[in-house]
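Visitor:
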Amino acid sequence: MSTASSAYNASSITVLEGLDPVRKRPGMYIGGTGSAGLHHLVWEIFDNSVDEAMNGHADEIEVTLHKDGSSVSVRDHGRGIPVDNHPTHKKPALEIILCTLHAGGKFENGGQGNYKTSGGLHGVGSSVVNALSKKLVATVKRDGQEWQMEFSQGKATGKIKKLGPARGTGTTIFFHPDATIFPRIEFNPDTIRERLEVASYVHKGLKVIWNDEVNGKREVFQHDDGILAFLRKILGEKNAKPVHEQPFF
Numbered sequence: 123m124s125t126a127s128s129a130y131n132a133s134s135i136t137v138l139e140g141l142d143p144v145r146k147r148p149g150m151y152i153g154g155t156g157s158a159g160l161h162h163l164v165w166e167i168f169d170n171s172v173d174e175a176m177n178g179h180a181d182e183i184e185v186t187l188h189k190d191g192s193s194v195s196v197r198d199h200g201r202g203i204p205v206d207n208h209p210t211h212k213k214p215a216l217e218i219i220l221c222t223l224h225a226g227g228k229f230e231n232g233g234q235g236n237y238k239t240s241g242g243l244h245g246v247g248s249s250v251v252n253a254l255s256k257k258l259v260a261t262v263k264r265d266g267q268e269w270q271m272e273f274s275q276g277k278a279t280g281k282i283k284k285l286g287p288a289r290g291t292g293t294t295i296f297f298h299p300d301a302t303i304f305p306r307i308e309f310n311p312d313t314i315r316e317r318l319e320v321a322s323y324v325h326k327g328l329k330v331i332w333n334d335e336v337n338g339k340r341e342v343f344q345h346d347d348g349i350l351a352f353l354r355k356i357l358g359e360k361n362a363k364p365v366h367e368q369p370f371f
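As structure tokens, then:
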């Protein structure tokens with residue numbers, strides 16, 4: 123059996139900065155680098171968009187699996203991630219959120235500032251996806267302008283760019299996972315589709331658009347009855363009758 127070195131002192135301590143810890147130990151953040159971990163990247167970005175909807179700032183989310191089968195885009199009509207410079211760090215808030223762990227609008231006032239409810243965390247989920255992607259492009263519509271910034275392996279590859287005037291608000295995140303982290307990069311359309319459909323039941327009224335460019339399919343999930351619609355779907359699939367004619371929950 124090998125033994126650890128007895129020379130264990132201050133010089134033995136390694137300090138990982140920025141998003142290096144995520145790249146060094148991705149399993150601590152997404153559970154592993156297999157298929158489940160790969161798809162977890164999609165859930166992290168999607169959940170951030172869902173949070174915008176849960177807090178009344180968006181009613182539509184569009185998820186696209188691109189033709190290559192290895193890159194994904196998530197678009198919402200939320201407020202758009204802030205792009206102005208942070209007062210302390212003197213960098214665009216967009217860059218800080220995507221390049222720093224534990225940075226985002228969901229920590230303010232115990233999480234009750236910009237978000238009353240939250241299923242994900244900008245600055246945790248978003249930055250982890252950025253760290254584990256060979257390319258990530260964030261496009262933001264906000265304050266009458268469209269902005270874009272590109273990243274690779276958790277670091278900005280250039281300055282934020284103003285693309286020009288734009289109507290509406292929202293955020294679009296495109297990412298392609300890093301092959302040096304994931305041994306196989308191939309998203310399963312059925313896995314993503316199922317997750318999106320379930321989310322549309324859980325968050326009643328939310329419109330979720332699924333673009334499967336691999337198979338040339340486009341679907342829209344929207345259920346104004348929410349969980350009740352999900353119950354009817356399950357009963358229909360099993361050809362079963364409910365115990366109570368009038369469901370309650």
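Quick note on numbering: the sequence shown equals residues 123 to 371 in this note's numbering. Glycine included, C-beta positions come from ideal geometry on N, C-alpha and C. These numbers come from a predicted model, not from an experiment.
Any chance the segment 270–278 sits against the segment 192–202, with 3 or more Cβ pairs inside 8 Å?
Guide: no
Visitor: Using the Cβ count rule (16 or more neighbours within 10 Å means buried), how would you classify Asp173?
Guide: Taking the sequence shown and counting its residues from 1, one reaches residue 173 at position 51. Classification for Asp173: buried.
Visitor: Would you check whether the ligand ADP has a heavy atom nearer than 6 Å to the C-beta of Ile218?
Guide: What this structure holds is no ligand at all, so the ligand ADP is not there to describe.
Visitor: Please report the Cβ distance between Asn252 and Leu141, rounded to the nearest whole angstrom; I am assuming they are in contact, meaning their Cβ atoms lie under 8 Å.
Guide: Here the question's residue 252 lines up with position 130 in the sequence shown. Here the question's residue 141 lines up with position 19 in the sequence shown. With a Cβ gap of about 7 Å, Asn252 and Leu141 count as contacting.
Visitor: In the DSSP assignment, find the alpha helix (DSSP H) that holds Leu160 and state where it starts and stops.
Guide: Within the sequence shown, numbered from 1, the residue matching residue 160 stands at position 38. Counting along the chain, the alpha helix (DSSP H) containing Leu160 begins and ends at Ser157 to Met176.
Visitor: Can you tell me which of Gly154, Gln270, Lys281 and Val342 puts its alpha carbon nearest to the alpha carbon of Glu184?
Guide: For the purposes of this step, residue 184 is taken as residue 62 along the sequence shown, with counting starting at 1. Here the closest residue by C-alpha is Val342.
Visitor: Roughly how many angstroms separate the alpha carbons of Gly178 and Gly200, rounded to a whole number?
Guide: Taking the first residue of the sequence shown as 1, we reach residue 178 at position 56. Taking the first residue of the sequence shown as 1, we reach residue 200 at position 78. Whole-angstrom Cα-Cα distance: 9 Å.
Visitor: Can you say whether Gly202 is buried or exposed, counting buried as having 16 or more other CB atoms within 10 angstroms of its CB?
Guide: Counting from 1 along the sequence shown, the entry for residue 202 is found at position 80. Flag for Gly202 reads buried.
Visitor: Kindly indicate which three-state DSSP category Cys145 falls into: helix, strand or coil?
Guide: Taking the sequence shown and counting its residues from 1, one reaches residue 145 at position 23. The question names Cys, yet the displayed sequence has Arg at residue 145. Arg145: helix per DSSP, three-state reduction.
Visitor: Exposed or buried, Ile349, counting other C-beta atoms within 10 Å across all chains shown (16 or more means buried)?
Guide: As a position in the sequence shown, residue 349 is number 227, starting the count at 1. By the neighbour-count rule (16 or more Cβ atoms within 10 Å), Ile349 is not buried but exposed.
Visitor: Excluding sequence positions up to five away, which residues of its chain have a Cβ less than 6 Å from the Cβ of Gly156?
Guide: As a working note, residue 156 is residue 34 in the sequence shown. None.
Visitor: Assign Ala260 to one of three DSSP states: helix, strand, or coil.
Guide: Your numbering for residue 260 matches position 138 in the sequence shown. Of the three classes helix, strand and coil, the one that applies to Ala260 here is strand, per DSSP.
Visitor: Given Lys99, which residues of its chain have a CB within under 8 Å of its CB, disregarding the five upstream and five downstream residues?
Guide: Residue 99 is absent from the model: the chain starts at 123 and stops at 371.
Visitor: Classify Arg340: buried if its beta carbon has 16 or more other beta carbons within 10 angstroms, exposed otherwise.
Guide: Taking the first residue of the sequence shown as position 1, residue 340 is located at position 218. So Arg340 counts as exposed.
Visitor: On the DSSP letters alone, give me the boundaries of the alpha helix (DSSP H) that Pro311 sits inside.
Guide: What you label residue 311 is simply residue 189 of the sequence shown in a count that begins at 1. Pro311 -> alpha helix (DSSP H) spans Pro311 to Val324.
Visitor: Just reading off the beta strand (DSSP E) that Gly286 is part of, what are its end residues?
Guide: As a working note, residue 286 is residue 164 in the sequence shown. Note, Gly286: beta strand (DSSP E), Lys283 to Pro287.
Visitor: By alpha-carbon positions, which one of Leu160, Met271, Gln344 and Asn337 ends up nearest to Lys329?
Guide: Within the sequence shown, residue 329 is the residue found at index 207, counting from 1. Residue Gln344 is the option with its Cα nearest to Lys329.
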